[in-house]
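Chemist: I'd like to ask you about the structure that follows.
In the UniProt record's numbering, the protein residues as written are 1 to 338.
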């Protein structure tokens, strides 16, 4: 919940502040731009028409906001501390950063849980999946996630801090880890069972089609599982630090603990950076979309370069055969002849 800068005292070493500023800049920038590229690619390739992609879009928006507000907000906070402002003067900025961090973490946790359940339904009930899970239902559920997350984050203003921290950590980390472990266990078991059934029934071209479909499902499930693992691994240091603060507030006065809290907050930015690469690596549909978009970008760049070179050569050719220069050379001859 607390930002790395929030945890620091007023006597923060300037060298430590400089390191925070550099790391915030280096992590926030790719977190913002990788998710912008992912969202543009999904829009241009019309991948948003796929139901599961709506959840990917929502998580990407969440990661984008993490980099933009939590990441660059932390950068703004640290720069102003370095320039001499006090934590009291930056209280409003600190509250905005903290609220945004809690909000995006809650949204990410709920969205990742929804992705797990979506894959379970897709594998366990493939014939009824499209009827049960529609784009309209997913959009409504995403709206519910954001509404819940805003309301929950607002509880920080009315509940005692220790109570809020315990609810924040255990509702969105402890319980989901247990529940989602069971969900993915059932998902992979259903996938194996479904594979066996299709292998016994299908034949010829049908068998090839079903095998390709099973492979796509497996890769999407593994991608979503990796996103889940990455989120909870990168959230773990913050989870530990917040529970330690509940047990003993005096940890904040220890430099080693403040550094641990700082590292924990920055790791969440690493999660936001890596998610788009996981989709591109594990899901062929996204990999082809990224390749196609980057291919078009390189082609446009190459065409622009070729046009520039052609214009330059044309200008040089025009200069070599300029008729005005030729007439100037002929004028003395005509004058002498006359």
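Glycine residues also receive a C-beta, built at the ideal position from the N, C-alpha and C atoms. Just so you know, these numbers come straight off a predicted model, no measurement behind them.
Here's the rule I'm using: 16 or more other beta-carbon atoms within 10 Å means buried, otherwise exposed. How should residue 140 be labelled?
Modeler: Taking the chain shown and counting its residues from 1, the one referred to as residue 140 is at position 140. Exposed: under 16 other Cβ atoms inside 10 Å.
Chemist: Starting from residue 45, trace the alpha helix (DSSP H) in both directions and tell me its first and last residue.
Modeler: The sequence position of residue 45 within the chain shown is 45, counting from 1. Note, residue 45: premise wrong, no alpha helix (DSSP H); not H, not E.
Chemist: Exposed or buried, which one is residue 101 when buried takes at least 16 other CB atoms within 10 Å?
Modeler: Taking the first residue of the chain shown as position 1, residue 101 is located at position 101. With 16 or more other Cβ atoms within 10 Å, it is buried.
Chemist: Please classify residue 86: does DSSP put it in a helix, a strand, or coil?
Modeler: Along the chain shown, read from residue 1 onward, the residue named residue 86 stands at position 86. The answer is coil: DSSP assigns residue 86 none of H, G, I, E or B.
Chemist: So, helix, strand or coil for residue 172, using DSSP?
Modeler: Translated into positions along the chain shown, residue 172 becomes position 172. If DSSP states are grouped into helix, strand and coil, residue 172 belongs with the helices.
Chemist: Does the region 181–193 come close enough to the region 218–225 that 3 or more CB-CB pairs lie under 8 Å?
Modeler: yes
Chemist: Helix, strand or coil: how does DSSP classify residue 193 here?
Modeler: If you number the chain shown from 1, residue 193 lands on position 193. In the structure shown, the three-state DSSP call for residue 193 is helix.
Chemist: Do the CB positions of residue 221 and residue 119 come within less than 8 Å of each other?
Modeler: Position 221 of the chain shown, counted from the first residue, corresponds to residue 221. Position 119 of the chain shown, counted from the first residue, corresponds to residue 119. Taking 8 Å as the Cβ cut-off, residue 221 and residue 119 qualify as a contacting pair.
Chemist: Looking at the secondary structure, which residues open and close the alpha helix (DSSP H) in which residue 147 lies?
Modeler: On the chain shown, residue 147 is found 147 positions in, with the first residue counted as 1. Element bounds for residue 147: 135–154.
Chemist: Run through DSSP, which three-state label would residue 13 get?
Modeler: Numbered from its first residue, the chain shown carries residue 13 at position 13. Three-state DSSP puts residue 13 in coil, outside helix and strand.
Chemist: Assign residue 270 to one of three DSSP states: helix, strand, or coil.
Modeler: What you label residue 270 is simply residue 270 of the chain shown in a count that begins at 1. Note: residue 270 maps to helix in three-state DSSP.
Chemist: Can you tell which of 218, 180, 177 and 167 has the C-alpha that lies nearest to the C-alpha of residue 192?
Modeler: Your numbering for residue 192 matches position 192 in the chain shown. Closest option to residue 192, Cα to Cα, is 218.
Chemist: Are the region 128–139 and the region 50–65 touching by the rule of at least three beta carbon pairs closer than 8 Å?
Modeler: Touching, yes, given that three or more Cβ pairs across the two stretches are closer than 8 Å.
Chemist: I need the straight-line Cα distance from residue 234 to residue 267, nearest angstrom please.
Modeler: Counting from 1 along the chain shown, the entry for residue 234 is found at position 234. Counting from 1 along the chain shown, the entry for residue 267 is found at position 267. Looking at the two C-alpha atoms, the distance is approximately 5 Å.
Chemist: Classify residue 66 as buried or exposed, calling it buried when 16 or more other Cβ atoms lie within 10 Å of its own Cβ.
Modeler: Here the question's residue 66 lines up with position 66 in the chain shown. Buried, since its Cβ has 16 or more Cβ neighbours within 10 Å.
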